[in-house]
Amino acid sequence: MSLELKLDMHRGDFALQLELSLAASGVNAFYGPSGCGKTSVLRTIAGLDRASANRVRFQSTIWQGADTFVPAHRRGALLVSQHSDLFPHLNVRGNLKFAASRASRPSARFALNDVVAHLGLESLLDRPITNLSGGERQRVAIARALCGVPDILLMDEPLAALDQAAKQTLLPYLEQLSRHFDVPIVYVTHSLDEIAQLADYLVVMARGAIAYHGDTAAMLTRLDTPLAQAESAESVVQACVIAHDNAFGLSYLDSPIGRVSLLQRALPVGAEVRLRIAARDVSITLEQQTGSSILNVFPAVVDSMVALSPALTLVRVLAGENPATAVPVVARITSLSASRLALQPGKSVFIQAKSVALF
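Counting from 1, one number per residue, gives the positions in the sequence shown under UniProt numbering.
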């Protein structure tokens, strides 16, 4: 199943031209600066923008073609923007029930009670919309969209209007949304943190076109991109909680790069999580160090390198004992260190992660 886009739109001096096929599952994110066209892509999928040359197919249904245009209300593509647009004359329960009553079909996947529980809205159901905080309003807006039984959920910078504390409260709800409700999400943002935490597939846009696209972990570690070259560059690794060590206050996780240790978290054994490793927190050694306080040391092979400046070098390694499951990790080290270690593609090394964090 897929979402296929072939867009050719011109408005004044702005042109949007792209051709792309996305999996109709997980979180597909569009990233780029303001004005690059990412919101126009979302509005075209939703049926809110129309151009004669555009082509949109979702699964087996043509939403827009040479002689076809399915209107927005018949697409099953529900949009959540940064402004919640809730009905102020209804309370939270009323907003959700109204959306459920307008759904094109009933669905056990989006049962009202499950939606309410997943988004933590039980205590808010009887509250007036005007009495909600910004983060609470966005949770209700997302719940309302789910109650409408979407075939695909479109999210246009849903956290942009929130302060940092509200964003951190809402992100864990978003993280599990696609898997829990088995609904594909197209997510637009200009936040790298949101991309790293939420996205399975990343489309980076610039000036109305696709700059590059691919698996999020691979895109964040592509050395020829601003994503990897940024001061805040980081790698993401999927992991599973396997044990807790109460004596030393640690949690242990299994991952493709090896067993990861981090400060104990209140997560059940078996929980699937995403880890972040900042490029500035990764060092490289030719031999596995034993007399070190660093717990997270993993075998790796140098994949590529690029000089950021005369002083700094980015090194992309494929980390993990099994080459078939190794994942990319980026290290930002001094050029002197890279020279002393004689680093080059194909060389076997060990990476040491001074800090590994959960999102």
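Virtual Cβ for every residue (Gly too), placed ideally from N, Cα, C.
Quick caveat: nothing in here was measured; it's all calculated off a predicted structure.
Using the C-alpha atoms, what's the distance from Ala-209 back to Cys-36?
Taking the straight line joining both Cα atoms gives about 8 Å.
Are Ala-217 and Val-186 touching if we call contact CB-CB under 8 Å?
Not closer than 8 Å, so no.
Since I believe Ala-353 is in contact with Asp-281 (beta carbons under 8 Å), could you give me their beta-carbon distance rounded to a whole number of angstroms?
Going by Cβ atoms, the distance from Asp-281 to Ala-353 rounds to 6 Å, so yes, they are a contact pair.
In this structure, does DSSP put Arg-144 in helix, strand or coil?
Of the three classes helix, strand and coil, the one that applies to Arg-144 here is helix, per DSSP.
So, helix, strand or coil for Gln-197, using DSSP?
Note: Gln-197 maps to helix in three-state DSSP.
Of the residues Leu-227, Arg-50 and Arg-55, which one's Cα is nearest the Cα of Leu-20?
Selected option, being the one with the closest Cα: Arg-55.
Taking Pro-328 as part of the beta strand (DSSP E), name the residues at either end of that continuous run.
First-last of the beta strand (DSSP E) with Pro-328: 327-334.
Give the DSSP-derived three-state secondary structure of Asn-91 in the structure shown.
If DSSP states are grouped into helix, strand and coil, Asn-91 belongs with the strands.
Hey, quick one: how far does the alpha helix (DSSP H) through Leu-5 stretch, first residue to last?
Where Leu-5 is concerned, there is no enclosing alpha helix (DSSP H), although the beta strand (DSSP E) it sits in stretches over 2-11.
Under DSSP, the beta strand (DSSP E) around Asp-254 begins and ends at which residues?
First-last of the beta strand (DSSP E) with Asp-254: 250-255.
Based on Cα-Cα distance, which residue from Leu-227, Leu-314, Val-149 and Ala-319 lies nearest to Arg-109?
Among Leu-227, Leu-314, Val-149 and Ala-319, the Cα nearest to that of Arg-109 belongs to Val-149.
With a Cβ-Cβ cutoff of 8 Å, do Val-92 and Ile-129 count as a contact?
Cβ atoms of Val-92 and Ile-129: closer than 8 Å.
Buried or exposed: Leu-263, going by 16 or more other Cβ atoms within 10 Å of its Cβ?
With fewer than 16 Cβ atoms within 10 Å of its Cβ, Leu-263 is classed as exposed.
On a CA-only basis, which of Asp-8, Ser-81 and Gly-26 is nearest Ser-52? Give me that one, please.
Nearest C-alpha to Ser-52: Asp-8.
Please work out which residues of its chain come closer than 8 Å, Cβ to Cβ, to Ser-84, disregarding the five sequence neighbours upstream and downstream, and give them in chain order.
The residues are Arg-137, Gln-138, Val-140 and Ala-141.
Asp-156 and Leu-42 look like a contact to me (Cβ under 8 Å); what is the Cβ gap, rounded to whole Å?
Yes, Asp-156 and Leu-42 are in contact; Cβ-Cβ is about 5 Å, under 8 Å.
Would you call the region 315-334 in contact with the region 273-280, where contact means no fewer than 3 C-beta pairs closer than 8 Å?
Contact holds: three or more Cβ-Cβ distances are below 8 Å.
Let's test the definition: count the other Cβ atoms within 10 Å of the Cβ of Leu-286 and tell me whether it reaches 16, buried, or not, exposed.
Result: exposed.
Taking the alpha helix (DSSP H) that Arg-179 belongs to, which residues open and close that run?
Arg-179 -> alpha helix (DSSP H) spans 177-181.
Report, in whole angstroms, the separation of the C-beta atoms of Ala-239 and Ser-255, which I expect to be a contact under 8 Å.
Correct: roughly 4 Å between the Cβ atoms.
Rank Ala-23, Ala-100 and Gln-164 by C-alpha distance to the C-alpha of Arg-144 and give the top, closest one.
For the residues Ala-23, Ala-100 and Gln-164, the minimum Cα distance to Arg-144 belongs to Ala-100.
In chain order, what residues of the same chain have a beta carbon less than 7 Å from the beta carbon of Leu-146, not counting five sequence neighbours either side?
Result list for Leu-146: Phe-110, Val-115 and Phe-181, in chain order.
Whose C-beta lies closer than 6 Å to the C-beta of Lys-38 among residues of the same chain, with five residues either side of it excluded?
Excluding residues within five positions, the ones whose Cβ falls inside 6 Å are Phe-30, Gly-32, Val-188 and Met-205.
Can you check whether the CB of Ile-294 is closer than 8 Å to the CB of Val-315?
It is not a contact, given that the beta carbons lie outside the stated cut-off.
Hey, how far is the Cα of Ile-257 from the Cα of Leu-5?
Near 35 Å, if we compare the C-alpha coordinates of Leu-5 and Ile-257.
Based on DSSP bridge pairs, tell me the residues matched to Asp-245.
Per DSSP, Leu-250.
Look at the Cβ atom of Ala-72, then the Cβ atom of Ala-103, and state whether they are nearer than 8 Å.
Contact: no.
Can you have a look at Glu-231 and say buried or exposed, based on whether 16 or more other CB atoms are within 10 angstroms of its CB?
The residue in question, Glu-231, is exposed, as its Cβ has fewer than 16 Cβ neighbours within 10 Å.
By the three-class DSSP mapping on this structure, what secondary structure does Ala-29 have?
In this structure, Ala-29 counts as strand in the three-state DSSP scheme.
In terms of alpha-carbon separation, which member of Ser-191, Arg-57, Ala-161 and Leu-154 lies closest to Ser-178?
Minimum Cα distance to Ser-178 is reached at Leu-154.
Where Ala-211 and Ala-342 are concerned, what is the direct C-alpha to C-alpha distance, given to the nearest angstrom?
Cα to Cα, the separation comes out at about 32 Å.
Can you tell me where the alpha helix (DSSP H) with Val-41 in it begins and where it stops?
Where Val-41 is concerned, the enclosing alpha helix (DSSP H) stretches over 38-46.
Around the Cβ of Gly-135, are there at least 16 other Cβ atoms within 10 angstroms (buried) or fewer (exposed)?
It is buried - the Cβ of Gly-135 has at least 16 other Cβ atoms within 10 Å.
To the nearest angstrom, how far is it from the Cα of Ile-300 to the Cα of Ser-123?
The residue asked about is misnamed: residue 300 is Ala in this sequence, not Ile. Answer to the nearest angstrom: the Cα atoms are 48 Å apart.
Use the C-beta contact count for Gly-291: other C-beta atoms within 10 angstroms, 16 or more gives buried, fewer gives exposed.
Exposed, by the Cβ-count rule.
Do you know whose CA, among Asp-200, Arg-50, Arg-340 and Val-317, lies nearest Val-27's CA?
Selected option, being the one with the closest Cα: Asp-200.
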